[in-house]
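What follows is a short report on a single structure.
Number of protein chains: 2
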Amino acid sequence: MTKSNPSVLIVGSMAFDDLELPTESARDVIGGSATYAALATCLFAPVRVVAVVGTDFPESAVTALSDRGVDTSGIERAEGKTFRWAGRYAKNLASRTTLDTQLNVFADFRPKLPESYRSSDFLLLGNIHPSLQLEVLDNVPNPRFVAADTMNFWIERERPLLVELLRRIDSLVINDEELRELGEDHNIRRAAARVRALGPKRLIVKRGEYGAMLFDDHGIFFAPAYPLEEEIDPTGAGDTFAGALVGFLAQQTEIDDSSVRRGLMVAATVASFCVEGVGTQRVATLTRADVAARLDTLRTLVHFGG
Amino acid sequence: MTKSNPSVLIVGSMAFDDLELPTESARDVIGGSATYAALATCLFAPVRVVAVVGTDFPESAVTALSDRGVDTSGIERAEGKTFRWAGRYAKNLASRTTLDTQLNVFADFRPKLPESYRSSDFLLLGNIHPSLQLEVLDNVPNPRFVAADTMNFWIERERPLLVELLRRIDSLVINDEELRELGEDHNIRRAAARVRALGPKRLIVKRGEYGAMLFDDHGIFFAPAYPLEEEIDPTGAGDTFAGALVGFLAQQTEIDDSSVRRGLMVAATVASFCVEGVGTQRVATLTRADVAARLDTLRTLVHFGG
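Same order as they appear, the protein sequences are chains C and F. Numbering (my numbering) for the first sequence: 3 to 308. Numbering (my numbering) for the second sequence: 3 to 308.
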């Protein structure tokens, strides 16, 4: 039986980002995959977060989440410094260079689930060590839907664990370069078939300014990216996309080819707002009405007669 | 009054291409923008070609066009060698390096229009010197629709002539890098607005494996690229796209936002076949039935409920 108000559990990072953007530089920007994803999910469904921050992390940043209705009781505050990432974006924002990564308290992160989180219906396993993603799965006995992200680092170093994870999730949400590496084929379609053969019912490929693709039993689907006139900061757009998708699906009666396709359009819309502000600036104040208005425009971008 | 069977005039290059593809190397491949475009246009509408070849160009390659119904009386055979391009593709086919360009007879190309061509209703001005594109326009007094292509070389060296051309065409068909350079903005949407302000009612942006975008008075439209399982050779796919678009439009009662959007979907479909063979191999044998079947699939790729 489907619960009337299913909750989404997000596990991921919370971080300080130092960003060198074409338009400005910004230090100590509150970021991390769990932060972006939670701010997107909370637009649609109740959401709880498991993450770790250091003693230097401002309480106001946690309050910013709880003010949006996010259950933050699973955010652990550990002795030490918060995970920090520094990056520089190319002028066109299409590529970025990591300048520095300080794992700090994130290096010893072991997700600790409050008892109440174990009944979560929807899981979004952010990009953390696959052994930790598996551990979270072990602690949520009966999820209705599980989505996971990963990255080249784990694909190269922890393939067996990742393969184990893939057998246990509904949807893998990765970018096109990660897909090519995981599927060991430069051809997106063949790589997608190989990855789906490892387990996930759905593969969702994030392609930045080119939108997103879905591969499922019904075929392939494209959601375009909303073309922005002002692109400020793409940091977290992929996590925002994943968070919005899972939040949207948690609202749906059925998770099927139709709702997932609509979910991709919604997720592309929400992610576009993320790029309009530095860090979580824009996503943190987003409303359902903002999303609905832009979604209407996005629909017209793929509409043709005949 | 609209004629019942409007003809498309294509002006462009005919060439030998030496291709270093990931899967094979091929020399003396028959190519050139006019060749690819004509083979695509002829699927939909009567087509005539203005181009120049050298004495080394095989008559069989011209016959291959006329066998498909293409009027080849405007193909001039000049003393000397045919235009030759040599290129090497990256393993993923997403980028290529020009190894050699020999303009040969193309260096002195002056489009000579047979008298019967002057009444052409639809024009596709391939990527040649903008002064020559303008000269062709001067010789076709009353076209119903004019599309043109160009490249970075002319954008950098012949901007004033190009700006003059833009005032006189309906649609500019270029790739995203050319758009950024011509619009002097890395943001696609702003660059598109600047280019359209120079004249063309429609701007069509080719984005390779990411499909194509249209900017017109009705907004923006995305046509996805058909995701191929076997990508062999992208040479000429952009010209095939443009040729199919103009050919499709020549068949339509109205050229409006709806028919142009449908045209983009058709053009994306036809262009996908081009990539499945070396050179014109696949496009040269394509049928309307092949196109219709794949177009049905392409439509599903952007279809969502609700």
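Glycine included, every Cβ here is placed at the ideal spot set by N, Cα and C. Values in this document were obtained by computation on a predicted structure and should not be read as measured data.
Taking 3 residues as the shortest admissible run, the stretch 40-84 of chain C contains the following complete beta strand (DSSP E) segments, listed from N- to C-terminal end: 49-55, 77-79. Secondary structure at residue 13 of chain F: strand, using DSSP grouped into helix, strand and coil. Proximity of residue 208 of chain C to chain F, defined by a Cβ-Cβ separation below 9 Å, is not satisfied. Taking the C-beta atoms as reference points, residue 125 of chain C is found nearer than 9 Å to residue 11 of chain C. 260, 263, 264, 267: these are the residues of the stretch 248-269 of chain F whose beta carbon lies less than 7 Å from some beta carbon of chain C, given in chain order.
Contact annotation: the stretch 202-218 of chain C touches the stretch 171-186 of chain C, with at least three C-beta pairs closer than 8 Å. Residue 115 of chain C and residue 72 of chain C have their C-alpha atoms some 15 Å from each other.
Looking only at C:211, C:218, C:74, the smallest Cα-Cα distance to residue 231 of chain C is reached by C:211. Secondary structure of residue 221 of chain F (DSSP, three-state): strand. Straight-line spacing of the CA atoms in residue 149 of chain F and residue 162 of chain F works out to 18 Å. Spanning the alpha carbons of residue 127 of chain F and residue 18 of chain F requires a straight line of approximately 20 Å. Between residue 138 of chain C and residue 13 of chain C, the beta carbon gap of about 5 Å places them in contact (Cβ cut-off 8 Å). Secondary structure within the stretch 199-256 of chain F: the beta strand (DSSP E) runs of 3 or more consecutive residues, fully enclosed, are 204-208, 214-218, 221-225 (chain order). Contact annotation: residue 254 of chain F and residue 265 of chain F have beta-carbon atoms nearer than 9 Å. Only 188, 189, 190, 191 from the stretch 174-191 of chain C bring a Cβ to less than 7 Å from some Cβ of chain F.
For residue 122 of chain F, the CB contacts under 6 Å within the same chain, skipping 5 residues up- and downstream, are 9, 11, 142 in chain order. Runs of the alpha helix (DSSP H) lying entirely within the stretch 108-157 of chain C, each at least 4 residues long, are 132-141 in chain order. One alpha carbon belongs to residue 20 of chain F, the other to residue 236 of chain F, and they sit about 13 Å apart. If you check each beta-carbon in the stretch 288-306 of chain C against every beta-carbon of chain F, the ones closer than 9 Å belong to 299, 301, 302, 303, 304, 305, 306. A distance below 6 Å between beta-carbons, with the five flanking residues on each side excluded, links residue 196 of chain C to the following residues of its chain, in chain order: 185.
The Cβ of residue 224 of chain F sits closer than 9 Å to at least one Cβ of chain C.
Inter-residue distance for residue 257 of chain C and residue 247 of chain C is about 11 Å (C-alpha atoms, whole angstroms).
With a beta-carbon spacing of about 5 Å, residue 243 of chain C and residue 269 of chain C fall inside the 8 Å limit used to define contacts.
In the displayed model, residue 89 of chain F falls within a strand according to three-state DSSP.
If you check the CB distance, residue 77 of chain F and residue 54 of chain F come in under 9 Å.
Residue 27 of chain F has F:22 as its beta-bridge partners, per DSSP. DSSP places residue 103 of chain C inside the beta strand (DSSP E), whose first and last residues are 98-104.
Only buried fits residue 43 of chain C, as 16 or more other CB atoms lie within 10 angstroms of its CB. Secondary structure note for residue 266 of chain F: its alpha helix (DSSP H) is the uninterrupted segment 259-276. Any Cβ of chain F closer than 9 Å to the Cβ of residue 279 of chain C would place that residue at the interface, and such an atom is absent. DSSP places residue 171 of chain F in the coil class of the three-state scheme, outside both helix and strand. Here residue 280 of chain C is near residue 26 of chain C, since their CB atoms are less than 9 Å apart. At a cut-off of 9 Å, the C-beta of residue 153 of chain C has no neighbouring C-beta in chain F.
Among the CB atoms of chain F, none fall inside 9 Å of the CB of residue 166 of chain C. Between residue 151 of chain C and residue 213 of chain C, the C-beta spacing is not below 9 Å.
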